[in-house]
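**Student:** Pasting in a structure now, in structure tokens, and then I'll have a few things to ask.
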Amino acid sequence: MKASEIRRKWLEFFAEKGHKIEPSASLVPHNDPSLLWINAGMAPLKAYFDGRVVPENPRIANSQKCIRTNDIENVGKTRRHHTMFEMLGNFSIGDYFKEETITWAWEFLTNPKWIGFDPDRLSVTVYPEDTEAYEFWNKKIGIPENRIYKLEENFWDIGEGPCGPCTEIFYDRGDKYGDLNDPECWPGGENERFLEVWNLVFSQFNHNKDGSYTPLPNKNIDTGAGLERFASILQDVDSNFDTDLFQPIIQQTSQIAGVTYHMNADHDVALKVIADHIRTVVFAVGDGVLPSNEGRGYIIRRLLRRAVRYGKSLGIEKPFMYKLTETVGSIMGTYYPEVVEKCEFIEKVIRTEEERFHETLSDGLDMLQSIIAGLKKEGSTVIGGQDAFRLYDTYGFPLDLTEDFAQENGFTVDSAGFESEMEAQRNRARSARQESESMKVQGGPFAEYTVKTEFVGYTDLVTTAKIVA
Ligand code: ATP
Ligand code: MG
Ligand code: MG
Ligand code: MG
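For the sequence shown, position 71 matches number 104 in the working numbering, and the numbering has no gaps at all.
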């Protein structure tokens, strides 16, 4: 079953159950300073959950593009993590609650008309105090006790906002992924024998700013399932990266690099990281984020640079990421037309950034090499925090890049020293910001204008800077 069909089935199933289908919101949160990226299907619907806005239909379903940068280190190492993925969700705003949620989840997963998983392969986890959920799974659905795991961490709480107990559904990939006697193989363990596919959150409390919890005016349902994970099971492949969502990108990159996928473990990690990061960058740029030195733009810059570095490890020395843009569009464009409509623009942004980074790399490498040569003379094997920071600040060399190069040369980096240099810079930026805040107060309405000054030289003795915007 192709991923696009899984997505279609999801939306069709929940439409049949009376849900309004919402298109995916932008990756850039709207009116929500607490989030850098939309990181779950529920994130763009928060105002419904906390009662600020009443939806026209209390049942909603979507397929939401999400970015989770906290999973970056997992990418390419686990079978299931991406920095950008699609979360399939169904939501109830004060309408149905636990029983319907569980019953429908089971129907979608096991009925051959929909996903048709073998029911014996499914296990669930519940919050220990949530006897209600336990009883539904056990008595109504008929899941035997030994396949219901009680987990303390099954309480969904991401800080300020709605929260509550959850129940998660895991697919057992079988003996070849680990021994059932090993607790690490159980749901919630590190092993991926049991693949977490779906999280059903029963949000009944609000986590308030002051840390207290109060019952929500209405109980809500918030669920999230990973489209890429469904695809990996339904396409009977080893990892999300082997599905039709990623393979065309991996194949194209292999061709550019002249390597073969599944021949060398290090190459495979590189190919997966590149395929992952290009999707994130393409989607983020499509949503208007441009590479820069702060916030979202900086994340995009780092992801792109990280991918280029992995490309280097495959022997790719020239800009190539931009060439993958069209492929991402051809995989995703039917549901996310923006990545096709803006393809040319996205390509240009990525290409420019790649070209600049290649320059950075060659300039920065010269400096790094001279630092290393100097240290060798002194008999030291540690690159100092100040040097690492200078590389970062002047050449845009991220710390992990410096660390990688250092490691290849038998060196380490004083990362604590680097951090304190960073902190010092942050403090400088903060005090500059505070200054401009106080200017705002003093300047009244005019302070709202963004004013850039440009040095125009000494031609005018009175004005040496000109306001340009
Ligand atoms: P995991 O334990 O595998 O990291 P999670 O518990 O962090 O997943 P949830 O926050 O419960 O994930 O998100 C709901 C669903 O979204 C998960 O069950 C999974 O199917 C999917 N999902 C979460 N994070 C990712 C990711 N980084 N890449 C791909 N899919 C993801
Ligand atoms: Mg996770
Ligand atoms: Mg989990
Ligand atoms: Mg989970």
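Ideal placement from N, C-alpha and C gives every residue a C-beta, glycine not left out.
Tell me the residue span of the alpha helix (DSSP H) that contains residue 396.
**Tutor:** Element bounds for residue 396: 376-411.
**Student:** Could you tell me the alpha carbon to alpha carbon distance between residue 165 and residue 64, rounded to whole angstroms?
**Tutor:** Cα to Cα, residue 165 sits roughly 36 Å from residue 64.
**Student:** Pick out the complete alpha helix (DSSP H) segments inside the region 278-313, 4 residues or longer, and give them in chain order.
**Tutor:** Taking only runs of at least 4 residues, the alpha helix (DSSP H) segments lying wholly in the region 278-313 are 280-290.
**Student:** Tell me where the alpha helix (DSSP H) around residue 134 begins and ends.
**Tutor:** It spans 131-143 - the alpha helix (DSSP H) in which residue 134 sits, taken as one unbroken run.
**Student:** With a cut-off of 8 Å on the beta carbons, I'd call residue 69 and residue 328 a contact; round off their distance for me.
**Tutor:** Rounded, the Cβ-Cβ distance is 7 Å, consistent with contact.
**Student:** Please give the ranges of any beta strand (DSSP E) in the region 217-290, keeping only runs that are unbroken, at least 3 residues long and fully inside the region.
**Tutor:** Listed in chain order, they are 227-240, 246-259.
**Student:** Please identify the residue among 153, 284, 182, 37 whose C-alpha is closest to the C-alpha of residue 161.
**Tutor:** Nearest option by C-alpha distance: 182.
**Student:** Can residue 205 be considered in contact with ligand 2, in the sense that its beta carbon sits closer than 7 Å to one or more heavy atoms?
**Tutor:** Checking every heavy atom of ligand 2 against the Cβ of residue 205, none is found closer than 7 Å.
**Student:** Is the separation between the beta-carbon of residue 117 and that of residue 100 shorter than 8 Å?
**Tutor:** Yes, they are a contact pair.
**Student:** Where do the ends of the beta strand (DSSP E) carrying residue 183 lie?
**Tutor:** That run of the beta strand (DSSP E) goes 181-183.
**Student:** List the residues that DSSP assigns as beta-bridge partners of residue 372.
**Tutor:** Answer is none; residue 372 lacks a bridge partner.
**Student:** Give me the Cα-Cα distance between residue 36 and residue 215, rounded to the nearest whole angstrom.
**Tutor:** Each residue's alpha carbon lies about 32 Å from the other.
**Student:** When a residue counts only if its C-beta is closer than 6 Å to some heavy atom of ligand 1, which residues count, in chain order?
**Tutor:** Every residue passing the under-6 Å Cβ criterion appears here: 101, 104, 113, 114, 115, 118, 120, 229, 230, 231, 232, 257, 258, 259, 261, 262.
**Student:** Here's the rule I'm using: 16 or more other beta-carbon atoms within 10 Å means buried, otherwise exposed. How should residue 338 be labelled?
**Tutor:** With 16 or more other Cβ atoms within 10 Å, it is buried.
**Student:** Between residue 180 and residue 235, what straight-line distance do the alpha-carbon atoms span, to the nearest angstrom?
**Tutor:** Between residue 180 and residue 235, the C-alpha separation is close to 20 Å.
**Student:** Would you mind listing the alpha helix (DSSP H) stretches within the region 69-122 that are 4+ residues and don't spill past its ends, in chain order?
**Tutor:** With a minimum length of 4 residues, the continuous alpha helix (DSSP H) runs that stay inside the region 69-122 are 79-82.
**Student:** Excluding five sequence neighbours on each side, which residues of the same chain lie with their C-beta closer than 6 Å to the C-beta of residue 301?
**Tutor:** Counting only Cβ-Cβ distances below 6 Å, and skipping sequence neighbours, we find nothing.
**Student:** Tell me which same chain residues have a C-beta within less than 7 Å of the C-beta of residue 127, skipping the five on either side of it?
**Tutor:** Counting only Cβ-Cβ distances below 7 Å, and skipping sequence neighbours, we find 91, 251, 252, 253.
**Student:** How about residue 201: is its Cβ closer than 7 Å to a heavy atom in ligand 4?
**Tutor:** True, at least one ligand heavy atom lies under 7 Å from that Cβ.
**Student:** In the structure shown, what three-state DSSP assignment does residue 40 receive?
**Tutor:** Of the three classes helix, strand and coil, the one that applies to residue 40 here is helix, per DSSP.
**Student:** Verify whether the separation of the beta carbon atoms of residue 94 and residue 86 is less than 8 Å.
**Tutor:** Cβ distance not < 8 Å, so residue 94 and residue 86 don't count as in contact.
**Student:** When burial is assigned at 16 or more other CB atoms within 10 Å of the CB, is residue 97 buried or exposed?
**Tutor:** That one is buried.
**Student:** Mind reading off the beta-carbon distance from residue 355 to residue 384? Whole number of angstroms is fine, and I expect it under 8 Å.
**Tutor:** Between residue 384 and residue 355 the Cβ distance is about 4 Å, and since that is below 8 Å, they are a contact.
**Student:** Rounded to a whole number of angstroms, what is the C-alpha to C-alpha distance between residue 42 and residue 123?
**Tutor:** The straight-line gap from Cα to Cα measures roughly 13 Å.
**Student:** List the residues that DSSP assigns as beta-bridge partners of residue 55.
**Tutor:** Per DSSP, 95.
**Student:** Taking DSSP as the reference, what is the three-state secondary structure of residue 444?
**Tutor:** Coil.
**Student:** Could you please give the first and the last residue of the uninterrupted beta strand (DSSP E) stretch that includes residue 200?
**Tutor:** It spans 194-205 - the beta strand (DSSP E) in which residue 200 sits, taken as one unbroken run.
**Student:** Report yes or no: do three or more beta-carbon pairs, one from the region 48-61 and one from the region 220-228, lie closer than 8 Å?
**Tutor:** No: the two stretches stay apart, fewer than three of their Cβ pairs being nearer than 8 Å.
**Student:** Where does residue 478 sit, in a helix, a strand or coil, going by DSSP?
**Tutor:** Residue confidence for residue 478 is low, a pLDDT of 36 falling below 50, so the modelled location carries little weight and cannot support an answer.
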